[in-house]
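Chemist: Residue numbers (the numbering used here), protein chains in the order written: chain F, 1 to 113; chain X, 1001 to 1115.
Built from N, CA and C at the ideal position, the CB exists for glycine as well.
What follows is a single structure, and I will ask about it in a moment.
Written out as structure tokens, the structure is:
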């Protein structure tokens, strides 16, 4: 597709459940980022991939959060034992390589009830 | 030192007026300063960006002014239109040794342009 694609667009889950959020970056983009945006706030960095490897995961809040990008394209953000405080919009972004303009998807809105 | 502080939190401007949003940073390693526009239910979209080797950059009705010594930069929207009503985020990143390009965002400014 032309832009960064994220699925699902909305996800409601119960506290304690496991959630996966998928990101399909712009074709050919080697850099991929995950951000989290809480209501009324700016996006906060979670993790950055260059190719298949996580080059910077300093923004992951705790060990319940994990992300993979096994083939250097699609990425999955995984959240274990979800908590109500995890409710936010999870944004994925990609760029041709690190340091260039990054392009955001529309996000996955996660609600933990 | 990683923070980017943005003001005002909200702004109301009449159609045709000038909208001005300000940001300040502390980390002198930052070397890339973009502005993003976000509509409800959409992801942020890059509007305009500047690097610290210039003091001003203009693209259409949008201008970034950059003051390196004061560690401040601002977005000016000339001839503001109702379609400009959105949330605007400033951001900053460093492409130094870490070279991750990760962005540190401000808190956002909600702009409403009245017809």
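List the residues of chain X that residue 57 of chain F touches, going by C-beta distances under 8 Å, in chain order.
Modeler: Taking the first residue of the first chain as 1, we reach residue 57 of chain F at position 57. Those within 8 Å of residue 57 of chain F in chain X number zero; the least Cβ separation is about 10 Å.
Chemist: Out of F:89, F:7, F:95 and F:94, point me to the one whose CA is closest to residue 38 of chain F's CA.
Modeler: Indexing the first chain from 1 puts residue 38 of chain F at position 38. The option with the nearest alpha carbon to residue 38 of chain F is F:89.
Chemist: Would you call the CB atoms of residue 4 of chain F and residue 105 of chain F closer than 8 Å?
Modeler: Within the first chain, residue 4 of chain F is the residue found at index 4, counting from 1. Within the first chain, residue 105 of chain F is the residue found at index 105, counting from 1. Yes, the pair counts as a contact, with Cβ atoms nearer than the cut-off.
Chemist: Can you grab the Cα-Cα spacing for the pair residue 1095 of chain X / residue 1033 of chain X, in whole Å?
Modeler: Looking up residue 1095 of chain X in the second chain gives position 95. Looking up residue 1033 of chain X in the second chain gives position 33. Approximately 11 Å between the Cα atoms of the pair.
Chemist: Residue range of the beta strand (DSSP E) that residue 35 of chain F falls in?
Modeler: Taking the first chain and counting its residues from 1, one reaches residue 35 of chain F at position 35. Unbroken beta strand (DSSP E) run through residue 35 of chain F: 31-37.
Chemist: Over what stretch of residues does the beta strand (DSSP E) that includes residue 102 of chain F continue unbroken?
Modeler: Position 102 of the first chain holds residue 102 of chain F. Per DSSP, residue 102 of chain F belongs to no beta strand (DSSP E) and is neither H nor E.
Chemist: Could you list the residues in the stretch 1037-1050 of chain X with a C-beta less than 8 Å from some C-beta on chain F, going in chain order?
Modeler: 1041, 1042, 1043, 1044, 1045, 1046 and 1049
Chemist: Should residue 18 of chain F go down as buried or exposed, given a rule of 16 or more other Cβ atoms within 10 Å for buried?
Modeler: For the purposes of this step, residue 18 of chain F is identified with residue 18 of the first chain, where counting begins at 1. Exposed: under 16 other Cβ atoms inside 10 Å.
Chemist: Beta carbon of residue 1004 of chain X, beta carbon of residue 1090 of chain X: below 8 Å?
Modeler: Translated into positions along the second chain, residue 1004 of chain X becomes position 4. Translated into positions along the second chain, residue 1090 of chain X becomes position 90. Yes, they are a contact pair.
Chemist: Out of F:96, F:112 and F:113, which one is the CA nearest neighbour of residue 116 of chain F?
Modeler: The requested residue 116 of chain F is not part of the displayed model; chain F covers only 1 to 113.
Chemist: When you compare the CB of residue 1075 of chain X with every CB in chain F, is at least one pair closer than 8 Å?
Modeler: Numbered from its first residue, the second chain carries residue 1075 of chain X at position 75. Residue 1075 of chain X is outside the set of residues whose beta carbon lies under 8 Å from a beta carbon in chain F.
Chemist: Taking 8 Å as the threshold (beta carbon to beta carbon), is residue 101 of chain F in contact with chain X?
Modeler: Counted from its first residue, the first chain places residue 101 of chain F at position 101. Answer yes: the Cβ-Cβ gap between residue 101 of chain F and chain X drops below 8 Å somewhere.
Chemist: With DSSP as the reference, identify every bridge partner of residue 1034 of chain X, one or two as the case may be.
Modeler: In the second chain, counting from the first residue as 1, residue 1034 of chain X sits at position 34. DSSP output for residue 1034 of chain X lists X:1049 as bridge partner(s).
Chemist: Does the beta-carbon of residue 1039 of chain X have 16 or more other beta-carbons within 10 angstroms, so that it is buried, or is it exposed?
Modeler: By 1-based counting over the second chain, the position of residue 1039 of chain X is 39. In summary, residue 1039 of chain X is exposed, with fewer than 16 beta-carbon neighbours lying within 10 Å of its beta-carbon over all protein chains present.
Chemist: Where DSSP assigns a beta bridge to residue 72 of chain F, which residues make up the other side?
Modeler: On the first chain, residue 72 of chain F is found 72 positions in, with the first residue counted as 1. Per DSSP, none; premise fails for residue 72 of chain F.
Chemist: Could you tell me if residue 15 of chain F is buried or exposed, where buried requires 16 or more neighbouring beta carbons within 10 angstroms of its beta carbon?
Modeler: Reading the first chain from its first residue, position 15 is the one you call residue 15 of chain F. That one is exposed.
Chemist: Give, in chain order, every residue of the stretch 14-38 of chain F whose Cβ lies closer than 9 Å to some Cβ of chain X.
Modeler: Hits within the stretch, in order: 31, 33, 35 and 37.
Chemist: If I follow the unbroken beta strand (DSSP E) through residue 22 of chain F, where does it start and stop?
Modeler: Sequence index remark: in the first chain, residue 22 of chain F carries index 22 (1-based). Annotation for residue 22 of chain F: the continuous beta strand (DSSP E) segment containing it runs 19-24.
Chemist: Relative to the C-alpha of residue 1052 of chain X, which residue among X:1041, X:1029, X:1044 and X:1037 is closest?
Modeler: As a position in the second chain, residue 1052 of chain X is number 52, starting the count at 1. Comparing Cα-Cα distances from residue 1052 of chain X to each of X:1041, X:1029, X:1044 and X:1037, the minimum goes to X:1029.
Chemist: DSSP three-state call for residue 57 of chain F: helix, strand or coil?
Modeler: Locating residue 57 of chain F in the first chain gives position 57, counting from the first residue. In the structure shown, residue 57 of chain F sits in coil (DSSP, three-state: anything other than H, G, I, E or B).
Chemist: Which whole-angstrom value is the C-beta distance of residue 77 of chain F and residue 21 of chain F, which I expect to be below 8 Å?
Modeler: One-based indexing of the first chain puts residue 77 of chain F at position 77. One-based indexing of the first chain puts residue 21 of chain F at position 21. That pair is a contact at about 5 Å.
Chemist: Here's the rule: buried if 16 or more other CB atoms are within 10 angstroms of the residue's CB, otherwise exposed. What is residue 36 of chain F?
Modeler: By 1-based counting over the first chain, the position of residue 36 of chain F is 36. Classification for residue 36 of chain F: buried.
Chemist: Buried or exposed for residue 63 of chain F, please, with buried defined as at least 16 other CB atoms from any protein chain shown within 10 angstroms of its CB.
Modeler: By one-based count along the first chain, residue 63 of chain F stands at place 63. That one is exposed.
Chemist: Using the beta-carbon count (16 or more within 10 Å), is residue 101 of chain F buried or exposed?
Modeler: By one-based count along the first chain, residue 101 of chain F stands at place 101. Under this definition residue 101 of chain F is an exposed residue.
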